[in-house]
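Peer 1: Residue numbers (our numbering), protein chains in the order written: chain A, 218 to 321; chain B, 218 to 321.
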DNA sequence: ATAAATATATCGGTTTTACGATATTTAATA
DNA sequence: TATTAAATATCGTAAAACCGATATATTTAT
């Protein structure tokens, strides 16, 4: 195909966006997605996405004292997210009004 | 899989949204998408989407005097779009700020 | 009316996205 | 430390999304 951004899809985009706001583990990400979408992505969905983002250098692991592993955005990841965000806004620019309407 | 909305994906959503603003032909839709995304969907992409939306009763053909066929939203399509919009906003609710930032 | 151009439709195949099951690792608890 | 629970990782498979090529239909121009 050939995408503009090298992100795979909306799920990757979403994961990157979530991690950008707060360092998160796979579980935390899954739960946040469930909260928004209503459907919790299966392990077979979320972990490959994380692996892929990690492989591309967009995120990296941080693990500290007895806490389960979390991911944080790399500098590269921040740039990628910024690019993807711009594209997202371009594609859905006319959703702004809907947001105002939907989200009270 | 099993989605919340019965729309197939973001492309279907986008097409529905575009048609909701203005009755459009396949070509016009393709061009608008190219304008936003940079990539024009191939005929093999866009027409099956239209066919699917039509089969589900979300859009219907209107053709008039020497003009190429256009589609308009049905009542059912409007309801569907509304539901999908709400879901979209729920999923991406925190994109509002980005919109303000990106779209000058 | 015929030819050329444009738009639409369809088909087979590829890639992407995601799942479910299972295995492994890590953390919490006894 | 051993046991259990939770989180992560991996694998094969399935379905969705999309493309390119080709065929057909419709408009436009000759």
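Where a beta carbon is used, it is the ideal one built from N, C-alpha and C, also for glycine.
Is the Cβ of residue 313 (chain A) closer than 8 Å to any Cβ of chain B?
Peer 2: Position 96 of the first chain, counting from 1, holds the residue named residue 313 (chain A). So, interface residue.
Peer 1: Can you give me the C-alpha to C-alpha distance between residue 250 (chain B) and residue 285 (chain A), rounded to a whole angstrom?
Peer 2: Your numbering for residue 250 (chain B) matches position 33 in the second chain. Your numbering for residue 285 (chain A) matches position 68 in the first chain. Distance between the alpha carbons of residue 250 (chain B) and residue 285 (chain A) is about 42 Å.
Peer 1: With 8 Å as the limit, tell me which residues of the segment 283-303 of chain A have their beta carbon closer than that to any beta carbon of chain B; keep them in chain order.
Peer 2: Here the close residues are 302, 303.
Peer 1: Which residues, in order along the segment 258-279 of chain A, keep a beta-carbon less than 8 Å from a beta-carbon of chain B?
Peer 2: Residues: none.
Peer 1: Does the beta-carbon distance from residue 274 (chain A) to residue 289 (chain A) come in below 8 Å?
Peer 2: Residue mapping note: residue 274 (chain A) aligns to position 57 of the first chain, counting from 1. Residue mapping note: residue 289 (chain A) aligns to position 72 of the first chain, counting from 1. Against a cut-off of 8 Å, the Cβ pair of residue 289 (chain A) and residue 274 (chain A) comes out as no contact.
Peer 1: Against chain A, does residue 244 (chain B) count as a neighbour if the rule is that its beta carbon must be under 8 Å from one of theirs?
Peer 2: As a first step, residue 244 (chain B) is located in the second chain; it is residue number 27 there, counting from the start. Chain A, which has no Cβ nearer than 8 Å to the Cβ of residue 244 (chain B), makes this no.
Peer 1: Contact criterion: CB-CB distance below 8 Å. Does residue 248 (chain A) meet it with respect to chain B?
Peer 2: Along the first chain, one-based indexing puts residue 248 (chain A) at 31. No, because no Cβ of chain B sits closer than 8 Å to the Cβ of residue 248 (chain A).
Peer 1: List the residues of chain A that residue 236 (chain B) touches, going by C-beta distances under 7 Å, in chain order.
Peer 2: To locate residue 236 (chain B), count along the second chain from 1; it is residue 19. Result: empty, since nearest Cβ-Cβ is about 13 Å, beyond 7 Å.
Peer 1: Going by CA-CA distance only, name the one from A:301, A:295, A:308, A:244 that's closest to residue 252 (chain B).
Peer 2: Position 35 of the second chain, counted from the start, is the residue given in the question as residue 252 (chain B). Of the listed residues, the one whose Cα sits closest to residue 252 (chain B) is A:308.
Peer 1: What residues of chain B sit near residue 254 (chain A), judged by a beta carbon separation below 8 Å?
Peer 2: The residue given as residue 254 (chain A) occupies position 37 in the first chain. The answer, in chain order, is 221, 304, 307, 308.
Peer 1: Could you round the C-beta distance between residue 240 (chain A) and residue 303 (chain A) to whole angstroms and report it? I think they count as a contact, below 8 Å.
Peer 2: Locating residue 240 (chain A) in the first chain gives position 23, counting from the first residue. Locating residue 303 (chain A) in the first chain gives position 86, counting from the first residue. With 8 Å as the limit, residue 240 (chain A) and residue 303 (chain A) do not qualify as a contact, their Cβ atoms being about 24 Å apart.
Peer 1: Would you say residue 316 (chain B) and residue 306 (chain A) are within 8 Å of each other, going by their C-beta atoms?
Peer 2: Walking along the second chain from the start, residue 316 (chain B) turns up at place 99. Walking along the first chain from the start, residue 306 (chain A) turns up at place 89. Closer than 8 Å, so yes.
Peer 1: One question on the structure: do residue 262 (chain A) and residue 276 (chain A) come within less than 8 Å of each other, judged by their Cβ atoms?
Peer 2: Counting from 1 along the first chain, the entry for residue 262 (chain A) is found at position 45. Counting from 1 along the first chain, the entry for residue 276 (chain A) is found at position 59. No, they are not a contact pair.
Peer 1: Is residue 232 (chain A) close to chain B? Criterion is C-beta to C-beta, closer than 8 Å.
Peer 2: By one-based count along the first chain, residue 232 (chain A) stands at place 15. Not an interface residue.
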